[in-house]
Amino acid sequence: RVFSLQEMFLGTIPGSIGEVSALLLLLGFGWLLLRRRVSPFIPIAYVGTVAIMAAIFYAANPGFGSPLYHIFGGGLMLGALFMATDMVTSPMSIKGHLIFGVGCGVVTMTIRLFGGYPEGVSFAILIMNAFVPLIDMGTKPKIFGKPKKVKSNA
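Numbering-wise (the working numbering), the sequence shown opens with residue 401 and increments by one.
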């Protein structure tokens with residue numbers, strides 16, 4: 401059976417617990433955004449990259465699945481909204497967040513479209529986590545000037 405996009409968005413489909421309802425995942429992520437616990441840049445770059453790549457391949461061959469199918473299907477929403485935004489393993493700068501999100505999206509779609517494994521989210525995040533130190537080295541802001549020395553009266 402092929403599930404509709406509405407069923408996939410609402411989560412009325414079979415699947416792993418916590419990843420089937422895009423609506424509830426978005427609500428949970430919205431709560432974390434309001435509490436300023438996560439940054440929106442990684443998920444925006446991640447989902448945006450998946451959408452762009454899926455649209456390109458869907459335009460070339462509709463057998464690859466529509467962009468919304470790729471966004472709502474599998475663990476993409478869970479991975480993009482909650483796993484990739486882990487503060488310990490994600491880059492420090494906003495530019496780094498964007499690079500990390502785009503990288504996750506490219507790796508996810510490469511695995512989904514050309515790999516032998518149907519889902520690539522967890523592998524994409526793990527692979528990109530290995531590149532976080534390099535991303536941080538390339539995107540770390542430069543500090544101008546020197547700190548002032550404090551005079552002691554001892």
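Glycine is no exception: its CB is placed at the ideal position from the N, C-alpha and C atoms.
So what does DSSP say about residue i, is it helix, strand or coil?
| i | result |
| --- | --- |
| N529 | helix |
| E519 | coil |
| R437 | coil |
| V447 | helix |
| P491 | coil |
Tell whether a beta-carbon distance below 8 Å holds between residue i and residue j.
| i | j | result |
| --- | --- | --- |
| G501 | A484 | yes |
| I535 | G505 | no |
| T508 | L476 | yes |
| P541 | S493 | yes |
| F429 | I413 | no |
| F441 | L513 | no |
Cα-Cα, which of the options is closest to residue i?
| i | options | result |
| --- | --- | --- |
| P443 | I527, T412 and I471 | I471 |
| S421 | P541, L410 and P414 | L410 |
| A480 | Y458, A459 and F523 | F523 |
| F432 | F457, D486 and A455 | Note that residue 432 corresponds to Leu in the displayed sequence, not to Phe. Ranking F457, D486 and A455 by Cα distance to L432 puts D486 first. |
| L426 | F482, K542, P462 and G474 | F482 |
| E419 | V521, V402, G474 and G538 | G474 |
| S439 | M408, T449, I456 and V488 | V488 |
| L478 | I452, I543, E519 and M453 | E519 |
Below 6 Å CB to CB, which residues in the same chain sit around residue i once its five sequence neighbours on both sides are set aside?
| i | result |
| --- | --- |
| L347 | Only positions 401 to 554 of the chain appear in the structure, and residue 347 is not among them; the question remains open. |
| G503 | M528 |
Residues in its own chain within less than 7 Å of residue i by CB, not counting five upstream and five downstream?
| i | result |
| --- | --- |
| I527 | V507 |
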